[in-house]
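Contents: one structure, followed by commentary.
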Amino acid sequence: MDYTSLAQAVLSMGGIGLVFALLLALANKKLKVEEDPKIEKVEDLLPGANCGACGLPGCSACAVALVNGKVDLSICPVADASDLEEIGQLLGLETVDTKRQVAVVLCQGGNTNVKKKAEYDGIKTCLGATFASGGERACNYGCIGYGDCVAVCPFDAIHMNKEGLPVVDRNKCTGCNNCVLACPRNVIELHPVSSHVFVLCNNKDSGKNARQVCKTACIACKICVKADESGGFEVKDNLAFVDHTKYDKEYEIPTEKCPTKAIVIVGDKGEK
Amino acid sequence: MKLSTFKKGVHPREYKQFAENKNIEKMGLPKEVFVPLIQHIGTPCTPIVKKRDVVKAGQLIGEGKGFISSKIHAPISGVVKTIDNFAHPNGSSGQMIHIVGNGEADWNADPAENVDWEKLSKEELIKKVNDAGIVGMGGAAFPSHVKLQPPKDKKIDVFIINGCECEPYLTADHRMMVEQAEEIILGVRIIMKALDVTKALIGIENNKPDAIEIMTKVSQSYNGITILPLKVKYPQGAEKMLIKAAVNREVPTGALPMDVGAVVNNVGTAIGVAEAVVKNKPLIERVVTVTGDGVKEPKNVLARIGTPFRELIEFCGGLKEDAAKILMGGPMMGVTQYTMDVPVIKATSGILCLSRKSAPVLEEYACLQCGTCVNACPMNLLPTRISRAVDYSKFEMAEQLGAMNCIECGCCVFACPSNIPIVQKIRIGKLKINELKKS
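Chains as they are written, first to last, in our numbering: chain C, 1 to 272; chain V, 1 to 439.
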């Protein structure tokens, strides 16, 4: 066996390897990009769900924007208050007192409450159904029931119940806005976690038409407006809604007389 | 002779036997009509009548702002009961003027008033078309007066009349060509004058030999009008496919027919134009094919705009017991209805009632990557790729793949062996792409 050729191969390959290793080591020194070490720390403190609620491509981009001072701490509605405080201390930013917001589904038109208008055998997504007269339910404003909101939730905080209505887990919900954007009927809204009284209806038809399609539709009878002295209830476009800045009873509905039981208390008292 | 056509496309069964030999029947006046404020492409109309106003048939009741819009007229004499939201046959709901008939004088053209159209100038002709609220009656309802006024830099040299009626089941255009050939040719001559062209082609699919014969006979005495028999293939009646078949020009991506020097109109539109110009008659009625195996006596009906589907179907003997699905339009591009209370609009070419047997619910399987849809797509798109991009919410990718060029003809779904609702997904994609562009 010719050992010299073997030695040649080992030496030449080893030599080449050594040269490149040196080059790489030099390049690492010369071309090093200084990254602010704060970015990594901030990213660690952010939720890491990449939900997109900040409007940036993910938590990493959000961290860069925060460190560069382009945005303030209110940008992330998802992170815990304590984490935000820590980021604030790290970057010398003022902590913004953000009230935690959660999604509220403004519809009670589940399978038993709302009339069924037809059999639907098209694409089983809410968006797909909007092309074909809006699916099976007769209400043109309420929940369609195919769960586009469930599909987009990055926090597993929204689920369909037996009635075919989405239910928000108020503890898990971070207010990232994804479900709000996904709903083609705009049935879901974000509200501070301290708000509990809602008119769960989105039907803007006249009372007669609304009542015809759904048992629990708001018929804009204004009984709630008259019953509540604080002025927290208003009726606009045939639909009552609660102005939580004015309504003075946090966990109490103004009247039991709502004929369609559209006014409902959502969530537990004293949630934070 | 080899018949001209376009590349790709599909061959659905025709099902024209239901109503192709039935004369157009005039339906009695409906008791009430619902006239949608949006029946055309463009800005919606604003009503110029109020609740409780008394209107006369043919009276202007709504007009839209802007160039691309169309006027609407009262289809019957009566009282405006309300202006409110009602179910619209395009699958949503919309503002409509609800008129309850009071049995007073119906629209009646004074025969002495026949206008000598040859004395009218181009501008006067177009104004008359606009005043009568004429829109494309093939299904898209594009305002006709807009088509008749191409921008100055676009030279139009050929006018094409669409008598293909490539949708299965529908026979309204066919019957119009057989029964109203004179009026169609009159309309064609008026449009030729308005457009200032000397050449007109009337494309008719070869499965309507009687229409081809009659149209040829009537058109012989006029210069420049040629009847062009075309191969039977879907979507032969789509504007871009028809231009390719008739004059062998391809409309580029994102361009309009006028960019290649052509204007296309439906035969129904030609009749509308003729009546508007010669008899000053606004577009208040149209021929609707009520057909399918779910209706007792399929017919071609001349019905007022705004007539609820229910009344038309009752006029045709009512629904059979096994009727399961009602569509406005043909089976390929028609819109499924959930109620029979929707009104006939200017674009309603047919009401198709199908039994469950003809409209089965198909189970969807995974894409086989077989490329059948690619072979079927007359716009040379990759439907499978676009629908997959939409599945994964990659709307930018869908746009790059040309989703916006989709004409929504449905060939891909027809061809797909896995029953994937491809065109429905592409429509979702188009909606999302438009939303992204706006924001």
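Ideal Cβ positions, reconstructed from N, Cα and C, are used throughout, including at glycine.
Cβ-Cβ separation, residue j to residue i (assumed contact under 8 Å), whole Å
i	j	result
Gly-142 (chain C)	Val-168 (chain C)	Rounded, the Cβ-Cβ distance is 16 Å, inconsistent with contact.
Gly-62 (chain V)	Gly-42 (chain V)	In fact, because the Cβ distance is near 13 Å, the residues do not count as touching under 8 Å.
Gly-133 (chain V)	Lys-71 (chain V)	4 Å
Val-100 (chain V)	Gly-78 (chain V)	5 Å
Pro-343 (chain V)	Pro-89 (chain V)	7 Å
Val-232 (chain V)	Lys-240 (chain V)	That belief does not hold up - the Cβ atoms of Val-232 (chain V) and Lys-240 (chain V) are roughly 18 Å apart, past 8 Å.
Ala-276 (chain V)	Val-390 (chain V)	Not a contact, Cβ separation roughly 41 Å.
Gly-334 (chain V)	Met-328 (chain V)	6 Å
Ile-420 (chain V)	Glu-364 (chain V)	6 Å
Val-193 (chain C)	Cys-107 (chain C)	Not quite, the Cβ-Cβ distance comes to about 20 Å (not below 8 Å), so this is no contact.
Val-295 (chain V)	Ile-313 (chain V)	6 Å
Contact set for residue i: own chain, Cβ-Cβ below 8 Å, skip 5 residues either direction
i	result
Leu-190 (chain C)	Gln-101, Val-102, Ala-103, Val-104, Gly-175, Asn-177, Val-180
Met-215 (chain V)	Gly-163, Met-177, Ala-181, Ile-184, Ile-185, Ile-202, Ile-204, Ile-227
Leu-3 (chain V)	Asn-206, Pro-229, Leu-230, Lys-231
Ala-274 (chain V)	Glu-183, Ile-184, Leu-186, Gly-187, Ile-190
Gln-424 (chain V)	Val-413
Nearest-angstrom Cα separation, counted from residue j out to residue i
i	j	result
Ala-240 (chain C)	Asn-85 (chain V)	20 Å
Cys-412 (chain V)	Ser-121 (chain V)	45 Å
Pro-151 (chain V)	Gly-224 (chain V)	24 Å
Ala-132 (chain C)	Val-278 (chain V)	40 Å
Glu-285 (chain V)	Phe-18 (chain V)	22 Å
Pro-298 (chain V)	Ile-97 (chain V)	29 Å
Tyr-120 (chain C)	Asn-111 (chain C)	14 Å
Asn-21 (chain V)	Tyr-15 (chain V)	12 Å
Gly-254 (chain V)	Ile-123 (chain C)	28 Å
Gly-135 (chain C)	Ile-144 (chain C)	6 Å
Arg-304 (chain V)	Gln-220 (chain V)	33 Å
Asp-72 (chain C)	Gln-89 (chain C)	13 Å
Asn-140 (chain C)	Tyr-222 (chain V)	53 Å
Lys-41 (chain C)	Gly-92 (chain C)	14 Å
Glu-123 (chain V)	Asp-131 (chain V)	12 Å
Leu-195 (chain V)	Asn-265 (chain V)	12 Å
Close Cβ partners of residue i (< 7 Å) along its chain, the five nearest in sequence each way excluded
i	result
Thr-125 (chain C)	Tyr-146, Asp-148
Cys-164 (chain V)	Gly-203, Ile-204, Glu-205, Leu-230, Gln-236, Gly-237, Leu-242
Ala-141 (chain V)	Gln-39, His-40, Ile-41, Val-135, Lys-346, Ala-347
Ile-265 (chain C)	His-196, Val-197, Tyr-251, Ile-253
Phe-315 (chain V)	Met-27, Val-301
Ala-220 (chain C)	Gly-207, Val-235, Asn-238, Leu-239, Ala-240
Ala-74 (chain V)	Val-55, Lys-56, Ala-57, Gly-58, Gln-59, Ile-61, Ile-99
Arg-170 (chain C)	Val-102, Val-193, Gly-267, Glu-271
Residue i, buried or exposed, once every other Cβ within 10 Å from all chains shown has been counted against 16
i	result
Cys-370 (chain V)	exposed
His-11 (chain V)	exposed
Gly-48 (chain C)	exposed
Met-13 (chain C)	exposed
Phe-20 (chain C)	exposed
Pro-254 (chain C)	buried
Ala-81 (chain C)	exposed
Ala-7 (chain C)	exposed
Arg-211 (chain V)	It should be noted that the sequence gives Ala, not Arg, for residue 211 (chain V). Buried, by the Cβ-count rule.
Ile-69 (chain C)	Residue identity differs from the one stated: residue 69 (chain C) is Gly in this sequence, not Ile. Exposed is the call here.
Ser-349 (chain V)	buried
Tyr-450 (chain V)	The requested residue 450 (chain V) is not part of the displayed model; chain V covers only 1 to 439.
Lys-249 (chain C)	exposed
Asn-161 (chain C)	exposed
Leu-125 (chain V)	buried
Glu-311 (chain V)	buried
Leu-66 (chain C)	buried
Asn-203 (chain C)	buried
Same chain only: Cβ atoms within 6 Å of residue i, ignoring 5 sequence neighbours per side
i	result
Val-374 (chain V)	Leu-382
Val-260 (chain V)	Arg-249, Val-251
Asp-275 (chain C)	Here chain C has residues from 1 to 272 only, and residue 275 (chain C) is not among them.
Leu-170 (chain V)	Thr-289, Gly-330, Ser-349, Gly-350
Met-332 (chain V)	Glu-167, Gly-410
Gly-91 (chain V)	Val-335
Heavy atom of the ligand ADP within 8 Å of residue i beta-carbon
i	result
Asp-153 (chain V)	The model on display carries no ligand, and the ligand ADP is accordingly not part of it.
query: Are three or more beta carbon pairs between the segment 218 to 230 of chain C and the segment 253 to 264 of chain C nearer than 8 Å?
result: Three or more beta-carbon pairs separated by less than 8 Å link the segment 218 to 230 of chain C to the segment 253 to 264 of chain C, which places the two stretches in contact.
query: Below 8 Å, can you find three or more Cβ-Cβ pairs linking the segment 197 to 211 of chain C to the segment 236 to 250 of chain C?
result: Yes: the two stretches touch, three or more of their Cβ pairs being nearer than 8 Å.
task: Answer yes if the segment 365 to 381 of chain V comes into contact with the segment 414 to 429 of chain V, meaning at least three C-beta pairs across the two stretches below 8 Å, and no otherwise.
output: The segment 414 to 429 of chain V and the segment 365 to 381 of chain V touch, with no fewer than 3 CB-CB distances between them shorter than 8 Å.
- request: Inspect the CB distances between the segment 349 to 364 of chain V and the segment 374 to 385 of chain V and report whether three or more fall short of 8 Å.
  value: Because the criterion of three Cβ pairs below 8 Å is not met, the segment 349 to 364 of chain V and the segment 374 to 385 of chain V do not touch.
field: Sufficient close CB pairs (3 or more, under 8 Å) joining the segment 50 to 61 of chain C to the segment 19 to 38 of chain C
entry: No, the segment 50 to 61 of chain C does not touch the segment 19 to 38 of chain C.
task: Could you say if the segment 21 to 37 of chain V and the segment 267 to 277 of chain V meet the contact criterion of at least three C-beta pairs nearer than 8 Å?
output: As far as the Cβ criterion goes, the segment 21 to 37 of chain V does not touch the segment 267 to 277 of chain V, which means the pair count is below three.
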